[in-house]
Structures are given as C-alpha cells and as structure tokens.
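One structure below.
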Amino acid sequence: MTIIEDNAATPAGSLGEAGSAPRGARLDPRLAVFFAIVGLALLSLTRVITGANDITSGGTVGATITLAVPIGLAALGGLWSERSGVVNIGLEGMMILGTFFGADFAYFSHSPWMGVVGGVVGGAIGGLLHAVATVTFGVDQIVSGVAIIILSTGAARYLAGVFFSGQQGGGPTQSPHVPTFASLKVPGADTFFGKIERHHWFVISDLAGLLRGITTSLTPFAILMLLLFPATWFVLWRTAFGLRLRSCGENPDEAESLGVAVYRMKYIAVIVSGALAGLAGAFLVDNAGIFREGQTGGRGFIGLAAMIFGNWRPGGLAAGASLFGYTDALQSRQGSTSVHALLLLGAILLALLAAYQVWRRHLVPAVALLVAAALVFVWYKVTHDIPLEFVPATPYIITLVVLAFAAQRLRPPAADGLPWRKGQGS
Amino acid sequence: MKDRLNRLGLNVLAAVVAAIFAVAITSIILLIRGDSPSFVISQMWDYGTQRSTELTILDGASVYYLSAVAVAIGFRMNLFNIGVDGQYRLAACLAGAFAGSVALPTGLRQAATILVAMAAGAAWAGIVALLKVFRGVSEVVSTIMLNFIATSLIAYLMRKSIFGNQHGTDTTTKAIPKSGQVGGLNLIPNSGGKVYGLILLSVAVGVAFHVIVNYTRFGFDLRAAGRSATAAQASGVNVRKMTALTLLMSGAVAGLVGMPILLGSSYSFSAATFQSGLGFTGIAIALLGRNHPIGIAFAALLWSFLDNSQTILDLNGIPKEIIQITEGVVVLSVVVAYELVRRFALAQQQRLVGRALSPTTPVAEGAPA
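Protein chains in written order, with numbering that gives the first Met the number 0: chain U, 0 to 425; chain E, 0 to 368.
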C-alpha cells in the first residue's frame, strides 16, 4: 500500500468558509420580506392590468402549496445529499419508492400517518442503496442515480402488482383508495376571504387570496413538511453535526484530517435525502388518495432543478419550489391566459432590474435588460395567450434561462459529485 | 497485449458476476412470493428462443443499440447525455412529419428523412452544447430540462393545425407512403415476419462509432479530453470545440433512435408510440456494455431479450415486472463490479510499478506478474 502524501499546503481556510455562500447569495430576512411585499404588489398590478384574476386567487395559492411541497421536499433531499458531496439524481427513483410504500403502509394500516412512515422507509431504502454504491464502492454518482431510477420503477411496479392486485380497484399500476389527511380549514375563512377576493381590489384582494389559500388547503402532513425547511436550515447551518456534514461536501480530505467520519456523514446525508424524497412521494399519494404508476411525473428532477435554482440553500430552493409549484398550479387555472399575464410581470421585472443596473452605473447590462424587457413586452402585446402545451414547460424554461444567466454565480459545494475514498487524500 | 487481454477478461468476469448477482436477487424475490426461479428462467428461455420472439428481440435491440451508442459517445468524453429521450422523440416527430409530407423519389426520401432526424437530434443537443460551452451549464441539468421541454414542444407540434392527424383516439403525423418506408430483412426464416431493415443502420453506426473513436484524430482528442480535460487542453486539444462536437454527434445518433420504428413499422409519429424511457434504457445499456461498440451490442440483445421474453410470465401468473427489477439490479451491480475491477487493476499496476522502481529488491527480467 503506497501512502500518497497529503497536500499539506492546502490552507485550512476553505473549511471555515464551508457555510458562507459568496457575497450577495444569502438574503437578509428583512430584505426577503421587502421582496415578498414588492412581489405581491407587482403580481397584483399585473392582475389588475391584465384581468387574469386567477394569478392570485385563493384556489391558485392552495394548489401552489400542494404542488410546491413535493417539489420542495425533493429539492431538500437533493440539498442534504449534495451538501455532503454526493449528487443524487436518483431522487426521482426514491420518490417513486415513497409513493409505493406510502400507499402500501397507509392502505394496510388504515392510517394516513403510517403513509408518512412508509414514505420515509421507502425513500430511505433508495437512499441507502445510493449510499452503498457511491460512498462505499465509489461508483459514479450520476450513474448510480440513473440505475436507482430504473430499479425503483421496476420495484414499485412489481410490488404494486404483488400487494395491490386483488384489492378492490388495485393492480400493478394503481392502488386501491388509501386513507388521507383531511385539510385543516379555519372556520369561516373561506367565505370571508372569498368575499374580499371577489372585489378584485388592488393588493387587498390578492392578500385575501393568499390567506384563503393558506387557511383552506393545509393538511397536518403539509404543515409537518413545511416545518422541515427551517429544520433543515437549522440542522445543517447551526449545529456542529451540520458543519461536519457540509465540510464533507466542501473538502472531505480536510474534514477527515479533523476527525470527521466522512463515510458516516455521507451515509446519513444520502439516507436522509432519500427519506425526504420518499416523503415527497407519500405526499403525492396523500393528495391523490391513491398510488398510481408514473405519479411522480419527473418531480424528482424538478426538485433537483429547484435546488440548483436556489443555489444549494434552503431558502433559495423553497423559493424555487414555490415558483415551480406556482406555474404548475396555473396550468389548471386558465393556464393560457394566466401564464400570458405573467409575461407582463416578466417585462416589468426585467425593466426594474434594468433600472437597478442603471443605478449601479452598469450601463451595458442595463441596456441588455431593457431590450429584453421590451421584447417580452412586445411578445405580451402581440399575442393573446400562450399555447397550453407550453404551460407545463414553464418551470423548465425558467430554470434554463436562470442557469444560462447565473450559472457562474451559483456556488455548489466544492467537492460535489466527486467520488472520495478514505485515506487517499490528494 | 497480455495486459489488455487480462483487463478484458476481468471486465467480462465482472459483467458475469453482476449478472449472476442479479439473477440471485431476482430468485430471492421470486422465492419470497413462492414462485420457482427455475420455472421462470425456463419459461423465459423457451419463449425467448421462439422464432417470432427472436424477431422482436432483434427489432428491439436495433433501437436500443442506437440509443446506447448515442449515450456512449458522450460518456467517452465524460459527458452525460440524459437528453437522448428528448432528442430522439423530437427527431422522430419532425422526421415523421417530413417523410409523410415531402414527396421525393424512393431512396432519396428515406435518406432525407434520416438526415432530418439526425439534424433535429443534433439541433436539440446543440442547445445543450451552447449552454455548456458558453454559459458553463452542466449538461446533466440542461438535458433533463430539455427532455421535459421537448414533451411540450411535441404536444404543440402535434396540434391539428401543424402536424397532427386524428386516427381514432390517436393523433399521428401523416402516414408515410410505401415509397418512403424501409422494408424488412428476412433474417430469421419461418418466423412469420421480417426484421427492421434499419438494423443495418444500427450496425453501420456501431462500426462508424468504433472507427471514429479509435482510429481518427477526432476520436483520440475525444478520449483524451474525456480522460483529462486540462491535460488535453494543454496538449493542444480545443476542449470546448470537442465538447460541442461530441454533444452534436451524440444528438445526431439520438435522432436516429426512432428511425427503425418510424420507417419500419409505425410509418407515422405519435406520442403514444414514441414514448420517453428509451433514453434511460440507452444509458443502462451503454453502462452495461462499457461504452464499447461490441459490448453495447451484447447488452442491447440481453436487454431486448429480457424485455420481450418477460411477456410470457404474466400468462403464468407471475408479475412480469420482476424482470425490471432484474434489469435495475444488473445495472447497479455491474457498475459496482466495474469499479471494483478498476480499483483492482489500479492496485495491481501500482504494485508492479512499485516493485519495478524499488531499489532494494532486484526484479528479475520477465518475472511473472
């Protein structure tokens, strides 16, 4: 066994910086609130101008929450894994396992809570497999992820055939109806906010729509899942365990030299990642009241996109998931006109960004942004709707555009995706 | 030479071990449910070796092969083209619309259709190349996004005002007339059917892949850049250009994936016939075949055998989905096995070098390794 000399010259500084994203990437909470208010006002303005009332309706808000949660959970799963340095493209597969196990546990125990447990179990099994392949055996992480997707698809199909065939309405492609959580409706909120909403007042009605959505569509499951976002932030950024876990994703050699059990950290991270993706699957089952083949519909991949969009930070990925959930929700709510109305919003946002660049005396990007704003505005003006077929593609197009313009400013964990072996630091 | 043979032997051994492992796992799962593994294997073997099944196996393999080669081209340069799914479907859609509506003399028409497909696949992959080369966007992410966007784009293109024609419940492109189709080959006598004529295209693509990668400067640059982009760049390879060209080539081959079906059996494009998933299968087969043209051919045949002979299981009351588990386990265990072989070979090499360079222990010339 040759001992390869460790590159002792590497400054230990990189570990210390593990948590701090580049300047500007981390948002001041006060600024975030400010942006949220401005965003709501702009959305409201767009609604008033275009008359596309569904873009802030309570129904849309409710649907957004329901659709954003699974995407956000998958993204959160990606965050755990990638912060420890393991790319997890198998999220989709772990989510599929979550849908089957979630439905199976909920159905046979007659309890939606067991469905939650099933989701965790199913996803964690997938995560464990990924950890064994990538951490212990050092297999290419993307290759292992793809293999896990293939395996999970087959496993869910086989198991569904074995467990659900013969049950009423069940078979290899779908489960019987499973018990689900009832949504916690605040009494009277629906009619009260609904009334305000129907007046279509500037900002006030939009706020009412937002509150109506929140007060009528949350289930205990959804609330629990929403709590996982701050919880993840706290664990990964405010505890010693989190620092160790993230140090494995930034510089495993140094982490090892400081006594961090890198393998164990990676195992924990990837298993948690799988469990979160599994929860996303169980959440889908809970919403639909049934397990169906192909139920995940690529949400694991969208979660991955949301995580990248959010620059590998919990707040950012939550914003990304909300955005994707929102465009998803608009689809079934006058998708063509609603997304068309968003073009105007896009033009306004681009113009505002241009103004910001002028203020910062960056004239070239300012002109470019202004031209883009003008183009989007013209697009809005000369068309009446967006072909419905393109509405589902909106999140993906947004992601590509964001990546095209911001890829250099994104900061993934430094050792993300690199296979690492114990005792072979270079 | 001996070293290469040794390496080849190890790789084959790894594949066999992975296959045995997959069969073992499958057997355990079957036994849990109370099914007999030997019964399943004999049923699948009997059914899979019938002439009519052999036919579908060859048909399927010719398609899988193209998909896997498209992926393998990228892999050779460390590029992960997950976008074969989108590239092939979009290409099939455009080529189907082209072949159904543009009247050209026989021969020319088929050739033009295939070129349209290659161009469409390459163009869709070209977006990935642009984003990667000029904006530094990882091809893994952009191809995933573009797969979904392709689905939307195809749904839009299949509108009745554009390419769509209603046929019962299915919307298809205009049917390709006889003069634009590619006839089958009578490869298996007395099977009651013919193999896709474009299986020859798969063979040609395999040969071209082998020649280009191994015997041209382009191929050398490609492999060099795949091994180490920085070293290749330092020795004068334009890595950005190579990245773009590799993605375009991969996309062009991906465009071919749907052609055997389009010109050999469906004669029109519909979203129901050309489903997503073939790209993922291609990744699995490329991994199984170690990105080697002959390895991929064996892997494609194996995959197609599994896919086509499983249908008999349902008739015997065994969920045929079990075979998908087998396939998944094969892929996962084969990549683990290859990794172990790589480590073993590396350690062996290090030992040899260490022994050769060690000043204290004299090495006898030609000592057995």
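Built from N, CA and C at the ideal position, the CB exists for glycine as well.
8 angstroms Cβ cutoff, residue i in contact with chain E
{"i": "threonine 398 (chain U)", "result": "yes"}
{"i": "leucine 150 (chain U)", "result": "yes"}
{"i": "glycine 422 (chain U)", "result": "no"}
{"i": "serine 80 (chain U)", "result": "no"}
{"i": "tyrosine 157 (chain U)", "result": "yes"}
{"i": "valine 47 (chain U)", "result": "no"}
{"i": "glutamate 255 (chain U)", "result": "no"}
{"i": "tyrosine 106 (chain U)", "result": "no"}
{"i": "proline 364 (chain U)", "result": "no"}
{"i": "glycine 241 (chain U)", "result": "no"}
{"i": "aspartate 415 (chain U)", "result": "no"}
{"i": "proline 171 (chain U)", "result": "yes"}
{"i": "phenylalanine 300 (chain U)", "result": "yes"}
{"i": "valine 161 (chain U)", "result": "yes"}
{"i": "leucine 297 (chain U)", "result": "Correcting the residue identity first, residue 297 (chain U) is glycine in this sequence and not leucine. Glycine 297 (chain U) counts as touching chain E."}
{"i": "glycine 293 (chain U)", "result": "no"}
{"i": "glycine 153 (chain U)", "result": "yes"}
{"i": "asparagine 6 (chain U)", "result": "Because asparagine 6 (chain U) sits at a pLDDT of 35, beneath the cut-off of 50, its placement in the model cannot be relied upon, and the point is left open."}
{"i": "glycine 23 (chain U)", "result": "Reliability of the predicted coordinates at glycine 23 (chain U) is poor, the pLDDT of 42 falling under 50, and the value obtained from them is presented with this limitation in mind. Not an interface residue."}
Cβ separation of residue i and residue j, assumed to be a contact under 8 angstroms, to the nearest whole Å
{"i": "arginine 75 (chain E)", "j": "asparagine 237 (chain E)", "result": "With a Cβ gap of about 17 angstroms, arginine 75 (chain E) and asparagine 237 (chain E) do not count as contacting."}
{"i": "valine 284 (chain U)", "j": "glycine 126 (chain U)", "result": "Contact flag wrong, Cβ pair sits at about 18 angstroms."}
{"i": "alanine 350 (chain U)", "j": "leucine 369 (chain U)", "result": "7 angstroms"}
{"i": "tyrosine 87 (chain E)", "j": "valine 256 (chain E)", "result": "4 angstroms"}
{"i": "serine 43 (chain U)", "j": "aspartate 252 (chain U)", "result": "The pair is not a contact, with the Cβ atoms about 52 angstroms apart (cut-off 8 angstroms)."}
{"i": "valine 289 (chain U)", "j": "valine 177 (chain U)", "result": "Position check: residue 289 (chain U) holds isoleucine in this sequence, whereas valine was assumed. Sure, about 6 angstroms apart at Cβ, within 8 angstroms."}
{"i": "leucine 400 (chain E)", "j": "proline 259 (chain E)", "result": "Nothing can be reported for residue 400 (chain E), as the shown portion of chain E is limited to 0 through 368."}
{"i": "aspartate 327 (chain U)", "j": "proline 386 (chain U)", "result": "Actually they do not touch by this definition, with Cβ atoms about 17 angstroms apart."}
{"i": "arginine 211 (chain U)", "j": "glycine 187 (chain U)", "result": "With 8 angstroms as the limit, arginine 211 (chain U) and glycine 187 (chain U) do not qualify as a contact, their Cβ atoms being about 11 angstroms apart."}
{"i": "glycine 118 (chain U)", "j": "alanine 281 (chain U)", "result": "3 angstroms"}
{"i": "serine 83 (chain U)", "j": "glycine 248 (chain U)", "result": "5 angstroms"}
{"i": "valine 252 (chain E)", "j": "valine 16 (chain E)", "result": "About 30 angstroms; that fails the 8 angstroms criterion."}
CB contact below 8 angstroms: residue i versus chain U
{"i": "leucine 300 (chain E)", "result": "no"}
{"i": "arginine 32 (chain E)", "result": "yes"}
{"i": "alanine 228 (chain E)", "result": "no"}
{"i": "valine 139 (chain E)", "result": "yes"}
{"i": "alanine 60 (chain E)", "result": "no"}
Those residues which DSSP pairs with residue i across a bridge
{"i": "arginine 291 (chain U)", "result": "U:Gln173"}
{"i": "asparagine 164 (chain E)", "result": "E:Thr171"}
{"i": "serine 269 (chain E)", "result": "E:Thr171"}
{"i": "leucine 184 (chain E)", "result": "E:Val194"}
Task: Contacting positions in the stretch 304-328 of chain E - beta carbon closer than 9 angstroms to chain U - done: For the stretch 304-328 of chain E, the beta-carbon criterion of a distance under 9 angstroms to any beta-carbon of chain U is satisfied by Pro318, Lys319, Glu320, Ile321, Ile322, Gln323, Ile324, Thr325, Glu326, Gly327, Val328.
- [ ] At 3 residues or longer, and completely inside the stretch 111-190 of chain U: list those beta strand (DSSP E) runs for me, N to C.
- [x] Taking 3 residues as the minimum length, the stretch 111-190 of chain U contains no beta strand (DSSP E) run wholly inside it.
TODO: Identify each residue in the stretch 142-169 of chain E for which the Cβ-Cβ distance to at least one residue of chain U is less than 7 angstroms, and report them in chain order.
DONE: Ile143, Met144, Phe147, Ile148, Ser151, Ala154, Tyr155
Task: Residues, ordered as in the chain, of the stretch 115-137 of chain E that lie near chain U by beta-carbon distance below 7 angstroms - done: The stretch 115-137 of chain E vs chain U, Cβ under 7 angstroms: Leu130, Arg134, Gly135, Val136.
Open item on the list: Please identify, using Cβ separations under 8 angstroms, the residues of the stretch 327-341 of chain E that lie next to chain U, in order along the chain.
Closed with: Flagged, chain order: Gly327, Val328, Val330, Leu331, Val334, Val335, Glu338, Leu339.
Task: Chain-ordered residues of the stretch 400-413 of chain U with a beta carbon less than 8 angstroms from chain E - done: For the stretch 400-413 of chain U, the beta-carbon criterion of a distance under 8 angstroms to any beta-carbon of chain E is satisfied by Leu402, Ala403, Phe404, Ala406, Gln407.
- [ ] Counting only runs of 4+ residues fully inside the stretch 285-346 of chain E, write out the alpha helix (DSSP H) ranges in chain order.
- [x] 292-308, 310-314
TODO: Anything in the stretch 256-285 of chain E with a Cβ closer than 7 angstroms to a Cβ of chain U? List those residues in chain order, please.
DONE: Phe279, Ile282, Ala283
Open item on the list: Beta carbons nearer than 7 angstroms to chain U: which residues of the stretch 75-102 of chain E have them?
Closed with: Phe79
Open item on the list: If the cut-off is 8 angstroms on Cβ atoms, which residues from the stretch 131-146 of chain U count as contacting chain E, listed in chain order?
Closed with: Ala132, Phe136, Gly137, Val138, Asp139, Ile141, Val142, Ser143, Val145, Ala146
Open item on the list: What are the residues in the stretch 366-398 of chain U lying within 7 angstroms of chain E by C-beta distance?
Closed with: Pro386, Glu388, Phe389, Pro391, Ala392, Tyr395, Ile396, Thr398
Task: Those runs of the beta strand (DSSP E) which lie wholly inside the stretch 34-91 of chain E and span at least 3 residues - done: Within the stretch 34-91 of chain E, no complete beta strand (DSSP E) run reaches 3 residues.
- [ ] Determine which residues of the stretch 300-317 of chain U have a Cβ less than 9 angstroms from any Cβ of chain E, and write them out in chain order.
- [x] Phe300, Ile301, Leu303, Ala304, Ile307
TODO: Would you list, in sequence order, the uninterrupted alpha helix (DSSP H) runs of no fewer than 4 residues that lie entirely inside the stretch 332-398 of chain U?
DONE: Within the stretch 332-398 of chain U, complete alpha helix (DSSP H) segments of at least 4 residues are found at 334-358, 362-381, given in chain order.
TODO: Kindly provide the ranges of any alpha helix (DSSP H) runs that are 4 or more residues long and lie completely inside the stretch 26-85 of chain U, ordered along the chain.
DONE: 28-49, 57-82
- [ ] Note down, one range per segment and in chain order, each beta strand (DSSP E) of at least 3 residues found wholly within the stretch 180-250 of chain U.
- [x] If only complete runs of 3 or more residues are kept, the stretch 180-250 of chain U shows no beta strand (DSSP E) anywhere.
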